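This report refers to the structure that appears directly beneath it.
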Amino acid sequence: MAPQTRLRNNMFKWLETEGAAYRTHTPGTTNYLRSVQSANRDGPNRKPFPGNPAFISESILSEELRNEIYDQVVNKKNSVRAGKTMALPYARAVHEMVPCTPLFSNPHDRRPHESINDLPVHPTTSPQIFYPVSESRRFTRSDAGRVFSAAPALPHYRVAKEESDPDATVSFVTQHPHRIEQVGKGANKQGVLQPADARIPHPHLIAHERRRITHPEESRENNRLYQQRLREAEKARKAIKDKEVARKEAELLKVQPESSRFDFHFKDVVVSKETTGPDGRGHAAPGRRYGIPSYDRKRGQVKIPTSVQV
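Numbered per the numbering used here, the sequence shown spans residues 119 to 428.
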């Protein structure tokens, strides 16, 4: 018997015996393939691929929570998206097959819908680096970020200060991003890679969870500090935005003729190697879209990558 025929026969044999249980699903449970190890465990199976145990199926919104979002968006006009009908039969079928997050009526009984630690892979962390460290030294996330950024190690007093109050360090980085240490020169200049606690979109949740674990009996004080962090973060975000708007307004010269309904904006341009690049085609160069022909359609130009710089 040919190998392909044997494999095909084994497939149909499995579909008629063990695989027959996967033709229909039980409402409220997932219909994922179970490995030998997961079949012996109780509880819902959230790993759809037995060969890849690191992949976990994420929860979706329940019908109650989805209706609440729909009411907030469409009825209360909290979003510009409106006029879309809801696919209820499709939603019910999906809710029966995948894990679902319900709408909790008790505010103290709410459980997170998704992990708050999910971050996109930073391009600086792509290469594998062998960095020898002594056994007596404590190697933290900040140290790893400095190694990936090729930045020198921090002095011991700076390390001790950051470890004594990590929340203050994260707040300083998120509220003053312009004060992050820079490494490199010219076009390769970039900020030192910060730890995940600072790069996450909501660092105040990390600080709140750390405070809640270390001081479980001080719930009132924990909530007060949480609200204070929110106010400080919003204030810092507003200050950065206002400063950026004021800077752009100061760089523009607005002229509006009396007999015209149009106003003209003029901006001073500095032409240098840092702004326009060595060939005058930098991404921030003036006249990039006007006056300088593109190389995209020029004959003989290599348009595929020939090297990769990490």
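Just so it is clear, CB atoms sit at the ideal spot from N, CA and C, and this is done for glycine as well.
Please read all numbers here as calculations on a predicted model, not as lab measurements.
Taking the alpha helix (DSSP H) that residue i falls in, what are its first and last residues?
| i | result |
| --- | --- |
| Phe266 | Arg259 to Phe266 |
| Leu343 | Ser337 to Glu369 |
Which same chain residues, not among the five before or five after residue i, have their C-beta less than 8 Å away from its C-beta?
| i | result |
| --- | --- |
| Phe426 | According to the sequence displayed, residue 426 carries Val and not Phe. Here the set comprises nothing. |
| Arg264 | Pro270, Ala271, Leu272, Val310 and Leu311 |
Taking the straight line between their C-alpha atoms, what separation do you get for residue i and residue j?
| i | j | result |
| --- | --- | --- |
| Lys353 | Thr142 | 54 Å |
| Ser282 | Val388 | 45 Å |
| His326 | Gln293 | 17 Å |
| Tyr249 | Arg317 | 23 Å |
| Leu272 | Phe257 | 11 Å |
| Phe167 | Thr147 | 16 Å |
| Leu311 | Glu369 | 30 Å |
| Arg355 | Pro295 | 10 Å |
| Phe290 | Glu280 | 11 Å |
| Glu336 | Arg329 | 9 Å |
| Ala357 | Gln345 | 18 Å |
| Ser377 | Tyr208 | 59 Å |
Can you name, in chain order, every residue of its own chain whose Cβ lies under 7 Å from the Cβ of residue i, other than the five neighbours on each side?
| i | result |
| --- | --- |
| Trp132 | none |
| Leu221 | Ser180, Glu182, Leu183 and Glu186 |
My guess is that residue i and residue j are in contact by the Cβ rule of under 8 Å, so how many angstroms apart are they, rounded?
| i | j | result |
| --- | --- | --- |
| Phe384 | Leu371 | 4 Å |
| Val288 | Ser267 | At roughly 17 Å, the Cβ-Cβ gap does not stay under 8 Å, so Val288 and Ser267 are not in contact. |
With residue i as the anchor, note down where its beta strand (DSSP E) starts and where it stops.
| i | result |
| --- | --- |
| Lys391 | Per DSSP, Lys391 belongs to no beta strand (DSSP E); it is in the alpha helix (DSSP H), Lys391 to Thr394. |
| Phe290 | Looking at the DSSP string, Phe290 is not in any beta strand (DSSP E); the run it does join, the alpha helix (DSSP H), is Pro284 to Gln293. |
| Phe130 | Run containing Phe130: none in the beta strand (DSSP E); it sits in the alpha helix (DSSP H), Pro121 to Glu134. |
If I measure Cβ to Cβ from residue i and keep anything under 6 Å in the same chain, skipping five residues before and after, which residues do I get?
| i | result |
| --- | --- |
| Ile382 | Per the sequence shown, residue 382 should be read as Phe rather than Ile. Excluding sequence neighbours, Phe382 sits near Val373. |
| Asp414 | none |
Which word fits residue i, buried or exposed, when buried means at least 16 other C-beta atoms lie within 10 angstroms of its C-beta?
| i | result |
| --- | --- |
| Val251 | exposed |
| Tyr150 | buried |
| Thr394 | buried |
| Thr424 | exposed |
| Val239 | exposed |
| Ser223 | exposed |
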